[in-house]
Amino acid sequence: MPSIGPRCHELRINDEKATWRIIYRIDNDAIVILEVFEKRARQTPQPVIDACKQRLRDYDS
């Protein structure tokens, strides 16, 4: 997901009742889980994107 940062990806999981998304980043020594949420709209909500960006800033500092 380039809108969040480099090496960020989105995993889609279809459940019986919901569709889930896991946003994560792959580093050399870790996989950083940024957010898990139920996807209800076509676009990822802006508050989710903002929270992921903030978590990456916190993680990298």
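Numbers in the numbering used here are just positions in the sequence shown, counted from 1, shifted up by 368. The beta carbon of each residue, even a glycine, is placed where N, CA and C say it ideally should be.
So, for isoleucine 394: in the same chain, excluding its five sequence neighbours on each side, which residues have a beta-carbon less than 6 Å away from its beta-carbon?
Closer than 6 Å at the Cβ level, and outside the excluded window around isoleucine 394, lie Arg375.
With a cut-off of 8 Å on the beta carbons, I'd call glutamate 403 and alanine 419 a contact; round off their distance for me.
Going by Cβ atoms, the distance from glutamate 403 to alanine 419 rounds to 6 Å, so yes, they are a contact pair.
Exercise for review: Starting from isoleucine 401, follow the alpha helix (DSSP H) in both directions and report where the run begins and ends.
Suggested key: Segment 399-406 is the beta strand (DSSP E) holding isoleucine 401; no alpha helix (DSSP H) there.
Subject >> Cα-Cα separation between threonine 412 and lysine 421, rounded to whole angstroms >> reply: The alpha-carbon atoms of threonine 412 and lysine 421 are separated by roughly 13 Å.
| message | Could you compute how far the alpha carbon of isoleucine 372 sits from the alpha carbon of aspartate 383? | response | A straight-line Cα-Cα distance of about 25 Å links isoleucine 372 and aspartate 383.
Is it the case that the Cβ atoms of glutamate 378 and isoleucine 399 are separated by a distance below 8 Å? No. Outside cutoff.
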